[in-house]
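So the protein lines, in turn, are chains A and B.
Residues in the first sequence are numbered from 54 upward in steps of one, following the numbering used here.
Residues in the second sequence are numbered from 54 upward in steps of one, following the numbering used here.
The beta-carbon is built from N, C-alpha and C at its ideal position, and this holds for glycine as well.
Number of protein chains: 2
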Amino acid sequence: MNDPTVRTNSFTIGKLARASGLSIETIRYYERIELLPYARRNASGYRYYDEDDLHRLHFISLAKRHGFSLNEIRELLELRVDPQRTCEDVRRHARQKVEEINVKIGELERMRRALQQLMDSCAAKDGGGECPILEAFERG
Amino acid sequence: MNDPTVRTNSFTIGKLARASGLSIETIRYYERIELLPYARRNASGYRYYDEDDLHRLHFISLAKRHGFSLNEIRELLELRVDPQRTCEDVRRHARQKVEEINVKIGELERMRRALQQLMDSCAAKDGGGECPILEAFERG
DNA sequence: ATGTACCCTGTAGTAGACTACAGTGTCACA
DNA sequence: TGTGACACTGTAGTCTACTACAGGGTACAT
Chain A
54 MNDPTVRTNS FTIGKLARAS GLSIETIRYY ERIELLPYAR RNASGYRYYD EDDLHRLHFI
114 SLAKRHGFSL NEIRELLELR VDPQRTCEDV RRHARQKVEE INVKIGELER MRRALQQLMD
174 SCAAKDGGGE CPILEAFERG
Chain B
54 MNDPTVRTNS FTIGKLARAS GLSIETIRYY ERIELLPYAR RNASGYRYYD EDDLHRLHFI
114 SLAKRHGFSL NEIRELLELR VDPQRTCEDV RRHARQKVEE INVKIGELER MRRALQQLMD
174 SCAAKDGGGE CPILEAFERG
């Protein structure tokens, strides 16, 4: 169907799913819970997407991987244009998110140190004894 | 009850809950799914814990915050003494986990850059226009 | 014009991770 | 010795984030 509301560089939900690595059902689910905007449709109701939607999905997957809930991700995504909010407001929120991320990075570095100590102590003893990650973690 | 099997520096589930920030139910749940070892009990069945258990819970909370599932956390915790596993085996697994963590850190840094660019562009324009985190994210 | 790969809307089911509660027993201290 | 805070088991319920149909319409290459 050659619908005038559909731009030439737009694609269907199946292609978006393949490109993003998420399932069609998940994408529809995200629309339902308003994590994605209601998609443009052609005359028979097919959803059409563009590059922006793909970027949005990539961002969502990434944030999800880092333990942000879908609600938190919604907040992150809402750090965008909104005539009701001043730039100062957006900046304050963003600064807070940066702080959260800094904490996360610090914690991951700590976990990494623990793992590395674990590997080192394994290497040192080589072949037996204890290699408890928790001990390493406590020392780190 | 003064039970000989209970050490003097051990404490009940309620205290462990308060110290760890997790609920009593969650701690019992973790025992049920074998994320925590079956706790020592006194004669009437009360669970008793020590500092090691508290460390373990802290580690679990931390890993959870970073998007590790309880199953993945179990794997991390099993990177410990096990006569069936060689040290080489443990090292290989640990190295793999370190790699996963490196990827996570890289991604978080990318998110942070996006947020910082967002703040900068807000600061530059001050007061109006667009501040979309996604644009920043795409540029980053 | 027709086959088949694709899309639609419901609605219901699942997995993971808790959370609540009923009914009952225990600890410790005044 | 009694009382109030705390513990136990078991089971059922909840929330989040999907996932899986059923039953039906659509796009387009051949």
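Within the segment 157–168 of chain A, contact with chain B at the beta-carbon level (separation under 9 Å) is assigned to K157, I158, E160, L161, E162, R163, M164, R165, A167, L168. Of the candidates A:V156, A:R85, A:L132, the residue whose Cα lies closest to the Cα of Q170 (chain B) is A:L132.
Scanning its chain for C-beta atoms nearer than 7 Å, with the 5 sequence neighbours on each side dropped, one finds around A72 (chain B) the residues L107, in chain order. Contact annotation, A147 (chain A) with M172 (chain B): C-beta distance approximately 5 Å; criterion of less than 8 Å satisfied.
Along the segment 64–90 of chain A, none of the residues has a CB nearer than 8 Å to a CB of chain B. Going by C-alpha positions, R109 (chain B) is about 11 Å away from Y83 (chain B). Contact of R118 (chain A) with chain B by beta-carbon distance below 8 Å involves G120, K157, E160.
The C-alpha of E160 (chain B) is placed about 39 Å away from the C-alpha of A96 (chain A). DSSP places Y82 (chain B) in the uninterrupted alpha helix (DSSP H) bounded by 77–85.
8 Å or more divides the Cβ of V151 (chain B) from the Cβ of L123 (chain A). Look at F64 (chain B) here: in three-state DSSP terms it is strand.
Under the DSSP assignment, E104 (chain A) falls in the alpha helix (DSSP H) whose first and last residues are 104–118. Contact of I154 (chain A) with chain B by beta-carbon distance below 9 Å involves L161, E162, M164, R165, L168.
Secondary structure note for E125 (chain B): its alpha helix (DSSP H) is the uninterrupted segment 123–130. When only Cα atoms are considered, S63 (chain B) and S76 (chain B) end up about 18 Å apart. Our two residues, Y102 (chain A) and R93 (chain A), have alpha carbons roughly 7 Å apart in a direct line. Taking every protein chain shown into account, the CB of V156 (chain A) has fewer than 16 other CB atoms within 10 angstroms, so this residue is exposed.
With contacts defined as CB atoms closer than 8 Å, M164 (chain A) and I113 (chain B) fail to qualify as a contacting pair. Just so you know, the alpha carbons of A70 (chain B) and Y99 (chain B) end up roughly 14 Å apart. Taking the Cα of L129 (chain A) as reference, the smallest distance to any Cα among A:L88, A:E78, A:I66, A:T79 is reached at A:L88. T79 (chain B) and E104 (chain A) have their C-alpha atoms some 42 Å from each other.
At least 8 Å separates the CB of L123 (chain B) from every CB of chain A.
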